[in-house]
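This report concerns only the one structure given below.
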Amino acid sequence: MSATSLPTDLFTMIDHVGVAVPDLDAAIAFYSEKYGMRMLHEETNEEQGVREAMMAVGDSGSCIQLLAPLSPESTIAKFLDRSGPGIQQMAYRVADIDAVGATLRERGLRLLYDVPKRGTSNSRVNFIHPKDAGGILVELVEPAADGGH
1 MSATSLPTDL
11 FTMIDHVGVA
21 VPDLDAAIAF
31 YSEKYGMRML
41 HEETNEEQGV
51 REAMMAVGDS
61 GSCIQLLAPL
71 SPESTIAKFL
81 DRSGPGIQQM
91 AYRVADIDAV
101 GATLRERGLR
111 LLYDVPKRGT
121 SNSRVNFIHP
131 KDAGGILVEL
141 VEPAADGGH
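Written as structure tokens, this is what we have:
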């Protein structure tokens, strides 16, 4: 799929909203016990410096991604130091991250990575620079071929 053949809607759905938390186990318990959400997936992503859990929002296919830092130097630790717990990023699902990235670059947006990196469940991810997205860190997610979460 070339950048010029993409539909007007680059994003297919809200994949997840990333929430920075200081304690992943406590956050999983809260989202489970108070909101009735079920955990679909938990993993440690050393490259991103996080321990994370995907909490299902009903049967919508969208999730809340709980993100806890692995070290004081991680991006999430720095976010927590600066802003405290809360929404850290908005993630949109895409069908073809390479084509969407090329289109966004053509439209003048900066992406954080030259090529997509590994995300949750072997998805491919990239991010739009917050200064180009109204102050929001926007993640692009192309699920793994086996269906993601």
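The opening residue of the sequence shown carries number 1 in full-length UniProt numbering; numbering runs sequentially from there.
Even glycine gets a Cβ: it sits at the ideal position worked out from N, Cα and C.
Just so we're clear, the structure is a prediction, and the values are computed from it rather than from any experiment.
query, result
"A91 to R105, Cα distance in whole Å?", "18 Å"
"Comparing alpha-carbon positions, which option in T120, S71, H129 lies nearest A144?", "T120"
"Would you identify the three-state DSSP class for D132, choosing helix, strand or coil?", "helix"
"Figure out for me which residue from N122, M37, N45, I136 has the closest Cα to the Cα of V57.", "M37"
"Please go through the same chain and pick out, in chain order, the residues whose beta-carbon is closer than 6 Å to the beta-carbon of S2, but skip the five residues on each side of it.", "For S2, the predicted structure reports a pLDDT of 49, less than 50, and the residue's modelled location is therefore unreliable. A value from the coordinates is still provided. For S2, where only same-chain residues beyond five positions count, there are no Cβ hits under 6 Å."
"How about G101 and P85: do their beta carbons lie closer than 9 Å?", "no"
"Within 10 Å of its beta-carbon, does P69 have 16 or more other beta-carbons around it, so buried, or fewer, so exposed?", "buried"
"Do L67 and E42 have their beta-carbon atoms positioned less than 9 Å apart in this structure?", "no"
"Under DSSP, the alpha helix (DSSP H) around L24 begins and ends at which residues?", "24-33"
"Between G134 and Q88, how many whole angstroms is the CB-CB distance? I'm expecting something under 8 Å.", "About 15 Å separates the two Cβ atoms, so there is no contact after all."
"Just grab the DSSP bridge partners of residue 150 for me.", "Given that the chain is displayed from residue 1 to residue 149, the structure contains no residue 150 and the question cannot be resolved."
"What's the C-alpha gap between V50 and H16?", "16 Å"
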